[in-house]
Amino acid sequence: DYHAALDVFDSQYKGRKDAFITDTSSLLFRLNMEGVDVADRWDDTYTMCKSDLEERTTVFKDVHLLLSCLGAKQQDATKKMMESLRSFVSEEGTQSAVAKQVGIPVCEALVAYDEGDYARAVDLMAPVRYQVGSIGGSKAQLDLFHLLLINAAIRSPEKKHQQLARA
Numbered sequence: 177d178y179h180a181a182l183d184v185f186d187s188q189y190k191g192r193k194d195a196f197i198t199d200t201s202s203l204l205f206r207l208n209m210e211g212v213d214v215a216d217r218w219d220d221t222y223t224m225c226k227s228d229l230e231e232r233t234t235v236f237k238d239v240h241l242l243l244s245c246l247g248a249k250q251q252d253a254t255k256k257m258m259e260s261l262r263s264f265v266s267e268e269g270t271q272s273a274v275a276k277q278v279g280i281p282v283c284e285a286l287v288a289y290d291e292g293d294y295a296r297a298v299d300l301m302a303p304v305r306y307q308v309g310s311i312g313g314s315k316a317q318l319d320l321f322h323l324l325l326i327n328a329a330i331r332s333p334e335k336k337h338q339q340l341a342r343a
């Protein structure tokens with residue numbers, strides 16, 4: 177029941193600065209993939225996380241921060257976030273390596289999906305779909321990225337992508 181999910185968002189997250197960005201952006205993105213109008217809730221989520229956009233901590237969080245930028249239609253913030261991620265991969269450390277191998281392709285797939293380029297989203301996500309667990313998160317949380325791939329494949333104009341969705 178989509179209305180119940182929106183009620184949970186409104187009662188548990190809306191207007192809170194201490195809410196988990198991963199929870200809010202994941203919920204809204206899942207609803208968007210189902211065609212649910214989430215109204216101005218993306219704006220609220222973006223406002224909540226705006227101060228964290230330039231801080232690279234974990235790839236898992238970064239992907240969800242990007243979702244808030246995309247959902248709120250913040251094109252400048254999306255561009256800055258992607259530039260920051262691309263710069264981050266040149267640093268030493270586990271998270272920068274994960275960002276390079278998996279985070280950048282996932283984020284680029286999210287941007288492509290948001291732009292309606294479903295074929296590109298599939299081409300970016302399919303090769304990393306079995307490594308997405310390296311960004312962190314529970315199986316339930318990581319399911320978001322499998323849903324992204326499936327939805328993009330279904331919407332892609334390419335037959336091979338549509339067959340991937342059925343596999």
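Taking the working numbering, the leading residue of the sequence shown gets 177, the next gets one more, and so forth. Glycine residues also receive a C-beta, built at the ideal position from the N, C-alpha and C atoms.
Inter-residue spacing [alpha-carbon to alpha-carbon] between residue i and residue j
i	j	result
Val265	Leu204	28 Å
Arg331	His337	9 Å
Gln188	Asp199	10 Å
Asp213	Leu207	8 Å
Pro333	Leu320	22 Å
Ala329	Ile280	19 Å
Tyr289	Pro303	16 Å
Where residue i falls: helix, strand or coil (DSSP)
i	result
Thr234	coil
Asp228	helix
Glu268	coil
Tyr289	helix
Pro281	helix
Glu259	helix
Val212	coil
Test item: CB-CB of residue i and residue j under 9 Å
i	j	result
Leu229	Ser201	no
Val278	Gln317	no
Glu236	Gly313	One detail in the question is off: residue 236 reads as Phe in this sequence, not Glu. Their beta carbons are under 9 Å apart, which means Phe236 touches Gly313 by this criterion.
Lys190	Trp218	no
Met258	Glu284	yes
Rounded distance between the beta-carbons of residue j and residue i, thought under 8 Å
i	j	result
Thr254	Leu246	6 Å
Ala286	Leu325	The amino acid at residue 286 is misidentified as Ala; the sequence shows Leu. That pair is no contact at about 11 Å.
Residue i at chain D interface by Cβ criterion, 9 Å
i	result
Asp219	Absent from the structure: chain D. Only one protein chain is present.
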